[in-house]
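Below is one structure; the comments refer to it alone.
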Amino acid sequence: MRILLIFPLLFLQIYAEEPLSHARLPNIVFLFADDLGYGDLGCTGHPYARTPHLDRLAEQGLRFQQAYVTGVTCNPSRTGFMTGKFPASFHKYTADFGFGGRVTVSELLKQKGYATGHFGKWHIGPEQKNSTYGLDQIETGKRSKTLGRDAGLYEEAIAFMREHKDQPFYINVWGHITHYPVDPPEHFAARFNDVSVNEEDFGPAMKKKFREVRELGQDVDLGMRNYLGDVSSLDDAVGRLLSAIDELGIAEHTIVVFSSDHGPAPVKTNKQKKGKGSQPTIMRNMLGSPGPFRGGKHSTLEGGVRVPFIIRWPGKVPAGEVDTESVISGIDWLPTLCAITGVDIDGEDFDGEDVSEAWFGNKVHVREKPLFWRNSATRAAVAMRHGPWKLYLPRRKGELLLYDVTQDPLEQNNLADSQPELIKQLRAQAEAWQKSLPEKYEKK
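Take the sequence shown: its position 126, counted from the start at 1, is 125 in numbering that gives the first Met the number 0, and no numbers get skipped.
Set out below in structure tokens:
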């Protein structure tokens, strides 16, 4: 069922009738969490999370249930948002070399007259100085020991908004929460001292995590309290930023989007500690939830690539609604913002689509272009979402997998044998995309 009210076309009609000016251009605030799972917020169903400010953002805006990222780790996801191109299409690893001349959303908006800023995590190239990618101000290091690790960068973003309140601005506020290490100030974890984990409150992915935590000799309840405390400190920072927008009187002219770069991180890795033989590296307190899905960070299963996505723009985006049907992606960020702000681009030069009609609640977005995922390695497996279907090409002797993720969100019922014609069509598309990718990748 799709819970969505159809919003009037007045906004788009006004934009079509009158030329855009600085007074009419919306501010854009992109709040990006790190390793935060689909199910880590109150509004996305976490049984214990207390995220009143993000929940209020959802109540005042539109939340998408089928929003995807372009990568299963930090850099590829950010690459998709910034460039509108699938990260596997870059033959040089963008964390090491940057975007190789590809235009970014911040450069395009800078050309349109926007003040542009970036606050927080970078991981999108070797240069971090002002003017990189058309960003007027780049701040990546400030942290707070008492208000949570992302509080400092949110304060810098607020200062930027105050300075540029009289002109259109675009800012990335890319936090570190909930990337490892999760170790919030004690008073944030103490907010959840009453939490005692009942595994029946969670799906199979989290039950597996709880089992692994116990096998590693860790305390599940303590880990959960620390994780939720970290998220709570992020929610506080979001609340301060939203209050600043209200105080500046610019809420009606400001698009605020909150999302995450991919699914939650695991509780252990295969990386070895020096002198510890075959012992895994324990990722203490990493109890992020993928919600009703399987998988997480490093995985193209739904829990790895489906993320929270909330957009608020008072008077333009319907309030308190949930779009359960539109399939949108970080790859759409650039073309959609260009459509809204009147930046002229060649849509064929980008992998994403303009999904503004879905943002405005006018209609369900039905994708023309499939979504693809592959790591930047020539032998990495390809995953593809097209319509309701999720296809996984096999690795060498592996099995081809096909799921209807609208009916089978846990991806448990492989339909490949029962859909030969569909498999033929989808496999041809996936293999054609795979062949279009670089034959080798360069990393430092």
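Glycine is no exception: its CB is placed at the ideal position from the N, C-alpha and C atoms. Because the structure is a prediction, the values reported are computed rather than measured.
Ranked by how close their Cα comes to the Cα of residue 205, the residues 178, 263 and 190 have 263 in first place.
Counting along the chain, the unbroken alpha helix (DSSP H) around residue 335 starts and ends at 332 to 340.
Looking at the backbone, the Cα of residue 32 and that of residue 257 are separated by about 8 Å.
For residue 404, the CB contacts under 8 Å within the same chain, skipping 5 residues up- and downstream, are 301, 384, 387, 388, 389 and 410 in chain order. If you check the CB distance, residue 164 and residue 249 come in under 9 Å. For residue 161, the number of other beta carbons within 10 angstroms of its own is below 16, and it is reported as exposed. Comparing C-alpha distances from residue 296 to each of 328, 76 and 401 shows the shortest one belongs to 76. Taken through DSSP and simplified to helix, strand or coil, residue 253 comes out as strand. If you compare the alpha carbons of 406, 412, 108 and 130 with that of residue 25, the shortest gap goes to 108. Rounded to the nearest angstrom, the gap between the Cα atoms of residue 170 and residue 120 is 13 Å. Assigned with DSSP and collapsed to three states, residue 67 falls in strand.
Where residue 389 is concerned, the enclosing beta strand (DSSP E) starts and stops at 388 to 391. Contact check between the stretch 50 to 60 and the stretch 313 to 320: three or more CB pairs, one atom from each, fall below 8 Å, which counts as touching.
Taken through DSSP and simplified to helix, strand or coil, residue 240 comes out as helix.
Pairing residue 413 with residue 185, the inter-Cα distance amounts to about 45 Å. Beta-bridge analysis with DSSP links residue 258 to 31 and 308. In this structure, the beta-carbon distance from residue 220 to residue 183 does not fall below 9 Å.
If you draw a straight line from the Cα of residue 425 to the Cα of residue 180, it comes to about 40 Å. Segment contact: the stretch 61 to 70 against the stretch 287 to 296, fewer than three CB-CB distances shorter than 8 Å; contact not assigned. The beta carbon of residue 134 is closer than 6 Å to those of 105, 115 and 117 in its chain, skipping five residues each way along the sequence.
Here residue 136 is bridged, per DSSP, to 116.
Three or more Cβ pairs drawn from the stretch 430 to 441 and the stretch 81 to 90 lie within less than 8 Å of each other, which places the two stretches in contact. Taken in chain order, the complete beta strand (DSSP E) segments of 3 or more residues contained in the stretch 369 to 415 are 370 to 372, 382 to 385, 388 to 391 and 400 to 403.
Residue 346 and residue 366 have their C-alpha atoms some 14 Å from each other. Look at the stretch 138 to 187 and you find these whole runs of beta strand (DSSP E), each 3 residues long or longer: 168 to 173. Per DSSP, the unbroken alpha helix (DSSP H) holding residue 95 starts and ends at 93 to 96. The Cβ atoms of residue 54 and residue 259 do not sit closer than 9 Å to each other. With respect to the C-alpha of residue 373, the residue from 52, 72 and 51 having the closest C-alpha is 72. When the Cα atoms are used, residue 421 and residue 402 turn out to be separated by approximately 11 Å.
Close CB contacts of residue 288 within its chain, under the 7 Å cut and outside five residues either way in sequence, are with 36, 38, 39, 45, 201, 205 and 263 (chain order).
By the beta-carbon neighbour count (other beta carbons within 10 angstroms, threshold 16), residue 130 is exposed.
Note on residue 103: 16 or more other CB atoms within 10 angstroms of its CB, so buried under the neighbour-count rule.
Contact check for residue 311 against residue 254 passes: the beta carbons are separated by less than 9 Å.
Counting C-beta atoms within 10 angstroms of its own C-beta, residue 125 has fewer than 16 neighbours from the protein chains shown and is therefore classed as exposed. Cβ atoms of residue 224 and residue 194 come within 8 Å of each other, at about 6 Å.
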